[in-house]
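Take the position in the sequence shown, starting the count at 1, then add 12; the result is the number in the working numbering.
Don't be surprised by glycine CBs; every beta carbon is placed ideally from N, CA and C.
Worksheet: one structure, shown below.
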Amino acid sequence: ESILLQLINSRKISTYQLGNRKIRVIQANLNELLEIANNGKIISNHLFHFAIAIKDFRNLIHPGVEKRKKSLKINKNNAEMAWTILKNLVDEVTI
Numbered sequence: 013e014s015i016l017l018q019l020i021n022s023r024k025i026s027t028y029q030l031g032n033r034k035i036r037v038i039q040a041n042l043n044e045l046l047e048i049a050n051n052g053k054i055i056s057n058h059l060f061h062f063a064i065a066i067k068d069f070r071n072l073i074h075p076g077v078e079k080r081k082k083s084l085k086i087n088k089n090n091a092e093m094a095w096t097i098l099k100n101l102v103d104e105v106t107i
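Structure follows, in structure tokens:
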């Protein structure tokens, strides 16, 4: 989220129209930040779809939450997949 927020802010975008809602970027959730970045061509369309998928993995950094929700199995494969997608996002936006 912080990477996307920084990228969007670096383009001097502080508010954005998503559908019929105007949102302040600083208050946008991850889903909204991804939509803004994709619509603004800040990230590629394929990376947008990978990043949408990784949203479910973000609780890996809060394993207590994930254990309570039991929505994602915490294992090496899931952690490596999340890390790979995150590295691709960072690589794409810093090239």
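8 Å or more divides the Cβ of I38 from the Cβ of V105. About 5 Å separates the beta carbon of L16 from that of A49, a gap short enough to meet the 8 Å contact definition. Within a 10 Å sphere around the beta-carbon of A91 sit fewer than 16 other beta-carbons, which makes this residue exposed. In the displayed model, I15 falls within a helix according to three-state DSSP.
The beta carbon of L59 sits closer than 7 Å to the beta carbons of N100, L101, E104 from its chain, once the five residues preceding and following it are set aside; these are given in chain order. Taking C-beta separations shorter than 8 Å and ignoring five residues to either side along the sequence, the partners of A63 in its chain run L46, I55, I97, L101, following chain order.
Looking from the CA of N43, the closest CA among K85, K88, K67 belongs to K67. In the DSSP assignment, I35 is bridged to Y28.
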